[in-house]
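Let me begin by presenting the structure, written as structure tokens, before commenting on it.
There are 2 protein chains.
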Amino acid sequence: MGVDGEDQSQLEQGNHTKDAGRLHRDRRHPTSLSELSPCHQCGVRVTHFQRLFVTLVGADWIFLMILGFIMAVISFVMDLFVILFTDAHRWIYDLSDSHVFLQYFAWVAYSLLLMCFAAGFASIVSPQAAGSGIPEMKTALRGVVLPEYLTFRTLVSKVISLICVLGSELPVGKEGPFVHIGSMCAILLCKFMSLFSGIYKNKARNMEMLTVGCAVGIGCCFASPIGGVLFSMEITSRYFVAPNYWRGFLSATFGSLIFRLLPVWHGEEETLTALYATKYRLDFPFDLQELPAFAAMGIVCGFGGAFFVYLYGKITLFVKKQKAMNSFLMKNVFLYSALVSVLISTLTFPPGFGQFMAGKLTQRESLLSFFDNRTWSNHCIVADFDSDDYLAAWKHPQANVFIILTIFVLMKFWMSALSITLPIPCGSFVPIFVIGAGFGRLVGEGMATLFPEGINTEGHIYHIVPGAYAVVGAAALTAGVTHTLSTGVIMMELTGQISYTLPILISVILANMVSQSLQPSIYDTVIRIKKLPYLPLLRWGHREKCNIRVEDFMERDVRYVTLNSTYRDINRILRSGNLKMLPVVKSAESMLLLGSVERAQLLALLKQRAQDRRGGLVPSMPCSYRVHFQTSTEESPSTSAHPDSSKPLKPVLKKSAVEEEEITNPYDSGISLKKLCCSRPDIDALQDYPDTDDDTILQEIEEWEEPLLDEQVNFNNCKIDPAPFQLVEGTLLHKTHTMFSVLNLDYAYVTGIGRLIGVVSLKELRKAIEGFLPADGVRLRPVLASFRDRGVRGARIETAELHKLLDHQAS
Amino acid sequence: MGVDGEDQSQLEQGNHTKDAGRLHRDRRHPTSLSELSPCHQCGVRVTHFQRLFVTLVGADWIFLMILGFIMAVISFVMDLFVILFTDAHRWIYDLSDSHVFLQYFAWVAYSLLLMCFAAGFASIVSPQAAGSGIPEMKTALRGVVLPEYLTFRTLVSKVISLICVLGSELPVGKEGPFVHIGSMCAILLCKFMSLFSGIYKNKARNMEMLTVGCAVGIGCCFASPIGGVLFSMEITSRYFVAPNYWRGFLSATFGSLIFRLLPVWHGEEETLTALYATKYRLDFPFDLQELPAFAAMGIVCGFGGAFFVYLYGKITLFVKKQKAMNSFLMKNVFLYSALVSVLISTLTFPPGFGQFMAGKLTQRESLLSFFDNRTWSNHCIVADFDSDDYLAAWKHPQANVFIILTIFVLMKFWMSALSITLPIPCGSFVPIFVIGAGFGRLVGEGMATLFPEGINTEGHIYHIVPGAYAVVGAAALTAGVTHTLSTGVIMMELTGQISYTLPILISVILANMVSQSLQPSIYDTVIRIKKLPYLPLLRWGHREKCNIRVEDFMERDVRYVTLNSTYRDINRILRSGNLKMLPVVKSAESMLLLGSVERAQLLALLKQRAQDRRGGLVPSMPCSYRVHFQTSTEESPSTSAHPDSSKPLKPVLKKSAVEEEEITNPYDSGISLKKLCCSRPDIDALQDYPDTDDDTILQEIEEWEEPLLDEQVNFNNCKIDPAPFQLVEGTLLHKTHTMFSVLNLDYAYVTGIGRLIGVVSLKELRKAIEGFLPADGVRLRPVLASFRDRGVRGARIETAELHKLLDHQAS
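Chains as they are written, first to last, in the numbering used here: chain F, 1 to 811; chain B, 1 to 811.
Now the structure itself:
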């Protein structure tokens with residue numbers, strides 16, 4: 001490529017400026033390497049090699065490829081086990097065909113057993129393994145630490161229970177749990193790698209890897225790297241960070257590669273293809289006149305998606321209510337899971353009702369048959385039906401294909417909504433996918449019956465492809481439930497065909513427009529039901545909140561520490577709440593905000609004083625608490641032009657432990673908004689501080705004699721964050737919301753001219769946006785509610801404005 | 001779907017809480033609509049219908065669809081014209097085949113004429129039309145207002161010159177200019193729509209629409225909505241904002257749909273297919289053993305991409321130097337364009353050197369032939385060669401396919417790098433695409449020759465598909481030049497096949513890894529060469545900058561306004577610089593930051609005083625400058641727990657004009673980081689304030705008598721932004737960089753305990769990150785420089801640390 005020839009040549013200008021820079025540097029630092037002793041040079045070289053090793057271990061791409069590899073292997077092995085379990089299910093079922101009751105027993109008991117094992121294993125080993133995991137990851141990526149959610153124990157629990165659940169053929173999926181598994185693998189791999197390289201201790205980096213874990217989880221689940229990255233970005237964060245984008249791509253691509261390579265090496269497949277490879281015609285994928293049908297499907301899927309979310313919420317709330325009423329039924333996690341399992345496997349029992357809904361097929365087999373290239377309603381291919389095992393399930397002597405497909409869609413709809421409420425690892429993505437594909441197939445078969453010779457275009461006969469409708473339907477319904485656009489991309493990668501881009505995108509966009517105006521997404525619903533912290537979107541409907549300022553909704557009752565606080569004050573503050581960080585002000589009169597200090601630091605101060613008192617000697621503080629003192633930062637080369645006015649009081653305390661941590665992270669390209677903008681050093685490390693211990697300390701201190709209690713606390717050994725996030729008084733709600741969203745803040749202090757006047761946390765912001773919050777944190781919107789809202793909005797605003805006017809005159 | 005049945009039923013809990021909320025509201029506002037007079041009710045109804053109309057006109061999706069439609073039509077019509085021009089070129093060329101010199105003259109003169117017209121038209125109508133437009137859009141989306149870049153004049157100039165340039169068959173593309181055209185259309189459409197609906201006056205919304213315009217531009221250029229959205233996000237912003245994501249998708253999808261529908265309606269095509277639809281086999285797309293070849297191509301393309309950027313930079317700098325030396329040559333824009341045009345068309349003259357590089361083919365024809373399904377080096381299809389017009393160009397009696405392809409790639413490489421330096425509208429994407437495809441075809445043909453029977457896999461014979469190599473090569477080289485991953489997605493949508501996802505992604509990722517470590521992207525290079533404001537990335541190499549704090553690089557010499565400033569002070573401050581915003585502090589002694597004020601506001605104050613002095617009467621201020629006064633915000637319902645301490649001084653001045661503006665924007669969902677976080681109201685509107693006028697005012701004021709000059713300025717009528725963006729002293733460089741990146745800041749004030757101590761602008765931040773900036777703002781890195789850097793980095797850091805130690809001991 002002629003690159004090497006250019007290696008030696010440098011641009012003249014570039015050279016000049018570089019030399020100038022070097023000169024400048026040399027002038028400031030007159031010594032150079034050659035003047036050092038040979039011993040030191042040797043040491044430098046050893047460090048150099050050490051650094052090379054650390055560089056290699058710590059290189060992003062190596063980590064990302066290992067992560068991709070691990071996830072691909074987990075996904076592949078899980079698929080193998082699931083196929084093994086379902087094959088065994090069929091084998092037992094076929095074996096016991098002598099008597100239908102025996103067969104029924106075998107069919108139901110097998111599922112029941114696996115389900116009970118899964119529910120039991122999950123609840124015993126780690127209850128955090130239950131559910132999808134996507135809502136929790138969404139919360140975790142907001143910076144909220146969910147205890148026990150990312151441990152090895154949970155990983156094991158999730159993987160093993162998931163295999164059993166999928167093996168029991170409950171209509172749930174693995175995509176959601178795989179997001180969780182991907183994140184756990186990423187975090188655990190970070191922990192493992194930190195044994196070799198210090199940069200893995202950087203929490204900002206780990207947070208980034210969490211996002212990558214989400215992407216690689218989805219990518220390895222469907223062998224769809226692009227869709228996986230986009231989907232993980234859409235569901236986990238409102239603001240995408242570009243560096244994560246390429247990291248996610250690298251890891252997900254490598255993961256997908258390995259995930260598709262493994263079947264080839266295993267001898268199952270010949271080469272790398274899509275997971276559900278389709279072979280629709282390329283020359284004339286669809287007729288223009290089919291576009292309205294695709295668009296209509298998108299709209300119907302939008303309503304369907306919103307209704308699914310509504311149904312799920314209703315079932316969950318019903319179960320919660322029952323829980324309160326009937327404690328016996330709900331005390332036992334097995335019982336609920338067992339009941340649902342028996343109900344569903346009874347209905348899908350192939351010789352029973354299952355014959356009307358292809359109960360014999362697994363989810364994968366159903367999908368394969370939906371994406372099939374042939375037209376089922378076409379009578380010419382009846383011969384095909386008999387020879388093909390999957391298609392045979394859709395044939396029934398008494399009912400035609402349409403009836404079976406309709407029953408399938410309706411039954412699976414509520415079954416899936418019910419199944420994902422169980423306390424087991426389960427995702428909603430794949431079942432929705434299957435239902436959408438079934439619905440699409442139904443529409444497609446209908447179109448094929450309506451236009452048996454295809455829609456006529458100038459003499460050519462192009463038959464309708466019902467499989468394509470299944471593809472579009474699957475993408476649209478999933479989009480309606482998850483509120484994402486990337487399901488379209490996942491669909492394309494999954495089927496290995498992109499000729500249907502426009503129909504897919506059109507229906508996905510329409511489904512999103514409809515369902516977003518009706519309901520929150522399934523993940524947001526879970527977040528609300530589980531009462532996880534979240535930040536609602538400022539939607540179109542919130543325009544009347546434009547003129548709210550931060551001081552209108554901030555918490556004014558702030559507990560703070562002053563520089564002249566006594567031990568009694570600190571004790572009182574610590575006992576009155578359990579905030580992780582407390583603001584430090586200069587004095588209660590001035591309220592000038594100096595920074596913030598961790599609760600744990602204050603506790604340490606109290607403990608140290610207690611020890612001093614008991615032992616009478618000054619114990620040495622742990623090294624990490626030692627800080628340098630800097631009362632001036634005069635090393636800055638620039639000179640001040642206003643020496644008299646522009647040099648106000650410097651904050652007297654400066655942390656340097658954090659600074660040192662930063663320096664020892666050689667590849668700190670990782671810009672975690674959370675980390676950088678909130679500067680909460682080591683908050684996780686201190687979290688598992690035993691609370692009982694604190695209480696005893698606090699009680700003990702109360703028993704001190706008066707003079708000691710009134711002694712001023714010495715903050716010299718305290719790590720104070722000099723730059724906690726501050727909002728200026730008068731900041732609008734919109735701006736505050738943007739700051740919290742973009743920077744993933746948990747809280748921010750509100751200052752007016754440097755004085756602390758309040759604090760805003762997620763809670764206050766959420767209240768300000770939502771107006772009010774129900775007691776249980778859940779407010780399910782009935783379907784079509786927003787249409788009703790919209791109709792009266794005009795009048796309502798008029799009224800509000802009138803009220804405002806009247807209030808103004810009255811006052 | 002059973003949705004309507006659920007419509008009436010509401011969740012009990014939801015109802016309860018809603019009622020509670022309503023009750024609460026009613027208690028506060030005892031009047032209701034029914035108590036109003038019928039006349040008022042009527043008025044309310046009229047307003048209601050007005051609002052409905054505004055809602056319809058102002059609905060996002062209508063705007064987005066109109067934008068997509070316009071762009072699709074522009075793209076389609078442009079393509080029609082370009083085909084017309086190139087057909088005419090061929091026609092003239094064929095007509096004059098009696099004599100080779102006449103033919104040569106016809107070939108060259110035609111291109112020359114179009115080029116000169118394009119260059120002349122662009123330079124006369126609007127010189128801003130020159131170039132790609134992507135770098136400028138990148139800068140504009142950072143919030144920097146580039147004058148005249150988004151006007152109707154520039155749009156006309158860009159469209160017409162682009163048609164001529166593409167018609168003259170210069171190796172340039174339309175993708176870059178289409179980003180610019182899309183943005184212009186978006187802004188102009190906003191302006192047009194603002195005649196009907198006020199919400200289009202919202203600048204935040206317009207900024208969002210700018211992003212959408214970029215996406216739709218690319219989407220309509222290649223009929224690739226997904227790739228378009230991703231590409232526009234990758235090149236325009238480091239931080240993706242989710243709402244723009246779906247807006248871009250909607251607009252780009254509709255645009256692509258129309259763009260592909262138009263040829264169908266025009267009778268050119270039968271149905272919607274991909275632009276360069278390929279029909280490679282679906283069952284066995286590629287052999288596993290071909291993956292290393294794809295990976296190697298990715299790496300080579302990474303080097304090639306970096307070298308292209310280097311070459312482009314070198315040519316531009318050379319031309320700049322020549323400009324300074326030979327003013328005659330460069331004075332005339334025509335001359336340079338004409339020279340390049342003659343040079344290139346001479347070389348591509350088909351009977352001349354052009355026969356060795358398929359000079360006869362247009363870019364589209366070259367691409368079509370590269371993506372061809374047949375293997376050229378296979379001797380069986382020679383018959384095909386003769387019958388196919390495109391393929392015949394690659395056949396030469398004296399030279400085989402490999403030589404012609406190599407010459408094509410090498411010649412086009414420098415020709416493209418040269419062409420995009422011309423002062424005409426031109427994009428680098430498509431030519432790079434063609435070169436990459438040519439390189440891929442070369443590799444593919446080589447592979448096909450090496451393995452004529454395909455790579456053997458258990459008996460089956462699957463021939464190598466050289467067309468697939470062309471697809472991968474095109475994606476990889478473009479990725480190397482633009483530093484994006486979405487070129488892979490664009491490639492898939494362009495060819496209508498997704499079976500090569502993994503090879504494409506692998507090569508794209510490798511190309512990115514190589515080229516990103518060698519050179520900035522072509523767009524960043526243009527930004528640096530044009531000296532547009534930019535913010536460099538904090539890369540891995542910047543780890544030694546982790547401990548730099550904001551006070552180390554901020555500008556301490558801040559010009560500020562105090563509340564007791566005199567007219568003399570204001571005059572002095574305004575004359576000493578031309579900052580758009582000035583900080584307002586309480587007094588020079590306290591330096592407490594109260595807010596910031598626009599330069600234009602201060603000028604208005606001075607003018608008003610001057611008028612008062614001249615006329616002796618108090619002129620009425622324009623309505624928009626009137627503000628309410630609020631010295632207390634006691635209307636907040638929450639009560640303070642620390643009445644004595646937590647209620648510090650409120651800022652005495654509060655803007656409400658901005659507030660009103662916010663309220664009149666009914667659909668202010670548009671959260672522009674820029675707008676919300678910088679709060680610079682109406683800065684654009686005041687930009688075209690005549691500067692000469694200001695100077696005369698300022699001079700006039702200097703001539704005032706002493707007592708008037710020493711009079712204190714009354715800021716009561718001044719719009720003061722109470723919450724300009726502030727950074728707290730001690731903020732680390734990393735955090736500052738993140739803030740600036742995420743919130744798209746231009747500047748931020750640095751405060752220590754509420755006191756203004758400095759200001760940081762993009763310039764200071766850039767300096768701090770880059771260490772130093774060459775005089776001309778350009779620093780081209782020679783290829784492979786970073787590898788050399790990396791080798792010595794370890795030692796260099798040791799040295800730096802030693803220096804630091806020695807400095808410390810000395811001081």
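Glycine is no exception: its CB is placed at the ideal position from the N, C-alpha and C atoms.
With a cut-off of 8 angstroms on Cβ pairs, the stretch 264–283 of chain F is in contact with the stretch 281–301 of chain B, counting three or more such pairs. Any Cβ of chain B closer than 8 angstroms to the Cβ of F/G754 would place that residue at the interface, and such an atom is present. Between F/K412 and F/P431, the gap from beta carbon to beta carbon is short of 8 angstroms. Taking the CA atoms as reference points, F/A470 sits about 19 angstroms from B/G496. If only uninterrupted beta strand (DSSP E) runs of at least 3 residues are considered, those enclosed by the stretch 705–767 of chain F are 726–728, 747–752, 755–761. Nearest to F/V597 by C-alpha distance, out of F/I570, F/A610, F/Q611, F/M233, is F/I570.
Counting of Cβ neighbours within 10 angstroms places F/L95 among the exposed residues, the total staying below 16. The beta-bridge partner set that DSSP reports for F/V561 consists of F/V584. With a 10 Å radius around the Cβ and a threshold of 16 neighbouring Cβ atoms, B/F49 comes out exposed. Residue-level contact check: F/K580 does not touch chain B, since none of the beta carbons of chain B fall below 8 angstroms from its beta carbon.
In the structure shown, the three-state DSSP call for B/L146 is coil. The beta carbon of F/Y534 sits closer than 6 angstroms to those of I527, all from its chain and outside the five residues before and after it, given in chain order. Of all residues in the stretch 71–101 of chain F, none places a beta-carbon less than 7 angstroms from a beta-carbon of chain B. Taking C-alpha positions only, F/F85 is separated from F/G167 by approximately 5 angstroms. Contact between the stretch 547–567 of chain F and the stretch 758–765 of chain F is established, with three or more Cβ pairs separated by less than 8 angstroms. Chain F places no beta carbon closer than 8 angstroms to that of B/S194, leaving this residue out of the contacts. For the stretch 478–504 of chain B, residues whose beta-carbon sits nearer than 7 angstroms to a beta-carbon of chain F comprise L485, V489, M492, E493, G496, Q497, I498, S499, T501, L502. Listed in chain order, the non-local C-beta contacts of B/V229 below 6 angstroms within the same chain comprise A215, G248, F249, A252, local neighbours out to five positions each way being set aside. Contact between F/M591 and F/L756 holds, with the beta-carbon distance rounding to 5 angstroms and staying under 8 angstroms. Secondary structure remark: continuous alpha helix (DSSP H) runs of at least 4 residues inside the stretch 63–136 of chain F, in chain order: 100–125. The three-state secondary structure of B/R281, taken from DSSP, is coil. Contacts with chain F at 8 angstroms (Cβ-Cβ) include B/L743. With fewer than three CB-CB distances shorter than 8 angstroms, the stretch 435–453 of chain B does not count as touching the stretch 344–352 of chain B.
What B/Q322 touches in chain F, judged by beta-carbon distance under 9 angstroms, is nothing: the nearest beta carbon there is about 14 angstroms away.
In the three-state scheme derived from DSSP, where H, G and I count as helix and E and B as strand, B/G354 is classed as helix.
When the Cα atoms are used, B/L594 and B/A119 turn out to be separated by approximately 51 angstroms. When Cβ-Cβ separations below 8 angstroms define contact, B/A130 makes no contact with chain F.
Proximity of chain B to F/S256 at the Cβ level (cut-off 9 angstroms) is accounted for by T501, L502, L505, in chain order.
Taking C-beta atoms as the reference points, B/G305 and B/G480 count as a pair closer than 8 angstroms. Contact annotation: the stretch 91–111 of chain F does not touch the stretch 401–418 of chain F, with fewer than three C-beta pairs closer than 8 angstroms.
Between F/T484 and F/E169, the CB-CB gap reaches or exceeds 8 angstroms.
With contacts defined as CB atoms closer than 8 angstroms, B/S345 and B/V172 fail to qualify as a contacting pair.
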